[in-house]
Structure formats: C-alpha cells, structure tokens
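As structure tokens, the structure follows; a few thoughts come after it.
Residue numbers (the working numbering): 8 to 419.
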C-alpha cells in the first residue's frame, strides 16, 4: 500500500496538536518484508510526557463532569471514525504486524463494539454503583446522617498498547474505552511495533475531541521505543492510574515504578504467563490424538502470540502419554514457520528458545531461526529437570511449549 496517502507525520499527538521536540527517532517496518514503511517517527521527550500529563490534568475537571450522553457520543464517534478509515487501516495494520487482513478486520469489529458497549454503560450509569443509606435521626444513642457512595473518576490514566492486538488492545482499545467512559482523560503510549496504525487511530480520536469541543487534553498519544518514555509517564505526578498489556518484564518494571512513587497509584497489568496445562491419564487414554492436535494448534495459533498460548504441558508417564508425545512431535515437525509481529519479537523468541536449551539441556524437536520468522518448537523433559531450572517457568513468547513427564500424580 502507499503509506504516503495516509497523511502520517510521525509525531506525537498531544492535546490536539502534533509535537516533535526530540532528536531520537525510529521507523515502522513491514513484518513480512523487513522494509521501512511510513514516515520517520520521533520519540517523545520527557518534556512532551510532562506536556501530555499536564494537559490531561487540566482537562480532568471539565471532562469528568461531562453529561453521560456527551461521553457516550464521544465513544460512538470514535467507533464511527475508525470504521470510516476503511481498508487503509486494515492494510496498514496487516503490513506492520503480519497479521492476516481477516484477523485485523475482525479485531476492528471488536474494537468498535467495545467502544459502543462502554457508550451504553455510560448512558445507563450503573457503573457508578450509587448507594444511599437514609438518615436515622431517632437512632440511639447517636443519630446517623444519610450516607452516600458513588464511584468517581480517579484522574488522568496512562495506557500502554499491546503488540499482538494493534486495535483491540491498542490506542482505542478496551482500556482506553473504559477510562474515557469513566470520565478519565487518557494518555496512550503507542506500541513501537505498529506506530503507523497507532497514529491513524490517534488522529481519529483527536478529530472527534475537536469536533465535540471537548477539553483538548482529554486524549494524547506518545510514540517511542525507549523504556525511558514509559518510566517517565508512569512516574509523572499528574498520572492517577495505569493499564498495561504485554510482557512480564516490561509490566513488572512499570508496576514497580508506579508503586515506588511518593504517592503510589493503581496499576493494572495483564502480563505474560506460561499457561500450564495438566493432561490427565484418563483423558489421554480416551482422546489422546485429539488432545495432541488441540495442543499443537493452540501453541501455534497466531504464531504463538496469543496470551492463551500453553507454554507448558504436564502429564504422568504412561503408555497413553508415550503415544500422545509421538503424535505431538509429528505435528510440531510438520508445522511451518510463521512471521512474528516484529523482527525484535522474533529475535526475542529465538533468544528465549536458546535460553531454554542452555539451562535445561533439553532436546528440542527443532529450533531453526530465520529473519523475522519463528519455527515451532517442542521441548521435552522430566519433572526433576523442570524443578531444578526455574528458567523453564518463564514465558517463551512464540510457538513453543515444554512437555514435562512426571513419575506420579503427586509429582505432577
């Protein structure tokens, strides 16, 4: 596709204006070809982080007191604007992530529905959980005044986009929709794996903010590859809460920074997991072949880049397990390499596979590495080796799993 037609400028979107104060920059790349696409993107500076957070704080009083219908209209207009981007958005996201256009199209629908769902909730008002306990003026020995409780917005919310969902867990994803619905201005830290897609959606939100005459600081988006941008954002005193979807390493760093502030803030993180699966002997005997097929498909679905990827399978040694393992090996040996979301993620996958091999002395069914591609890998070990090496309990983000053979149910 012709990225020039998208009209991107590669700048940060702060309170309705484009900003590029920094010297550091990065590029977007086609996940399939490795070619640079789109404009040069400028990394956000600490000054721009401060500008975005300060603008959000200045917008908070006005935005948080908007009538419910106004906020609902805002969310619905964002949804409409995303749809109106048409095929350009789909093709852009597919180019940056190597995700199939059908997958991106479905994810766009999910994103739009999320925004509409929160719009409905805003109009209903039930999320405020209003409670009123009437006064008891005649209570003895002391009278009681009426007690009232309601949920209120906390303030500006910082949101970090995920790599594997460039729309539904990104700039206008569920976290953004929830925060805006609750009356909180939002600052999104875009994922560097799909900056073109992020800018397209951010521009839609900015245009809706202007059209509805909302406070400009109600929404901002920052670009960048450096962890310093994220740490500066979560540490800023005007940020009242944070939401993150991604790796354990990055999420834990942000969580710790949020907790170490002079005034700690709530930080909600959906982070990586090994998603252990326990295979019982009766099930293996009854439907071992179907389980081998299901496990292989689940590990390799989306090149192992779904948060539900089972990176660990445990079972008790038995003839049924032997048959299961043989079939599972065959399925991994015939599985084809797939293009990962970014070359950096592909490299991390290869490094993680090598880490498992080094620390565990395991035999991998196969583990070849190609530029930007991930080859499905099945490791096999026993419970004693698994327990001896804590490194095996860490997520390998990609199409890999470890089959652990246990001597007994107790050991499993």
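For glycine and all other residues, C-beta sits at the position ideal for the given N, C-alpha and C.
Query, Result
"Reduced DSSP secondary structure (H/G/I, E/B, other) of residue 46", "strand"
"Contact under 8 Å by Cβ, residue 245 with residue 61", "yes"
"Nearest to residue 231 (by Cα), restricted to the options 56, 43, 416, 40", "56"
"Cβ neighbour criterion (16 or more within 10 Å) applied to residue 9", "exposed"
"Residue 316 versus 303, 325, 322, 161, residue with shortest Cα-Cα distance", "303"
"Classification of residue 4 by the beta-carbon crowding that lies within 10 angstroms, buried from 16 upward", "Nothing can be reported for residue 4: it is not among the residues displayed for the chain, which extend from 8 to 419."
"Same chain, Cβ closer than 7 Å to residue 255, neighbours up to 5 away in sequence not counted", "278, 279, 402"
"Cα-Cα separation, residue 379 to residue 130", "45 Å"
"Cβ shell of residue 285 (< 6 Å), same chain only, five flanking positions each side left out", "321"
"First and last residue of the uninterrupted beta strand (DSSP E) at residue 233", "Segment: none, residue 233 is in no beta strand (DSSP E) and carries neither H nor E."
"Span separating the alpha-carbon of residue 328 from that of residue 307", "21 Å"
"Contact between the segment 184-200 and the segment 110-129 (3+ Cβ pairs under 8 Å)", "yes"
"DSSP state of residue 388 mapped onto helix, strand, coil", "strand"
"Residue from 38, 339, 78, 366 whose Cα sits closest to the Cα of residue 218", "78"
"Counted within 10 angstroms of its Cβ, other Cβ atoms place residue 154 as buried (16 or more) or exposed", "exposed"
"Within 8 Å, strictly: CB atoms of residue 299 and residue 334", "yes"
"Beta strand (DSSP E) segment containing residue 32, residue limits", "32-36"
"Backbone secondary structure at residue 346 - three-state DSSP", "strand"
"Runs of beta strand (DSSP E) lying entirely within the segment 196-262, each at least 3 residues, in chain order", "226-229, 248-253"
"Own chain, CB closer than 6 Å to residue 276, minus 5 neighbours either side, in chain order", "251, 258, 262"
"Integer-rounded CB distance, given that residue 399 should sit under 8 Å from residue 393", "5 Å"
"CB of residue 59 within 8 Å of CB of residue 229, strictly", "yes"
"Assigned exposure category for residue 111 - 16 Cβ within 10 Å defines buried", "buried"
"Test item: CB-CB of residue 216 and residue 225 under 8 Å", "yes"
"Residue 88 versus 144, 214, 68, residue with shortest Cα-Cα distance", "214"
"Alpha carbon of residue 90 to alpha carbon of residue 260, nearest angstrom", "35 Å"
"N- and C-terminal bounds of the beta strand (DSSP E) containing residue 274", "274-278"
"Run of the beta strand (DSSP E) containing residue 322, from where it starts to where it stops", "319-323"
"Burial state of residue 210 (16 or more Cβ within 10 Å)", "buried"
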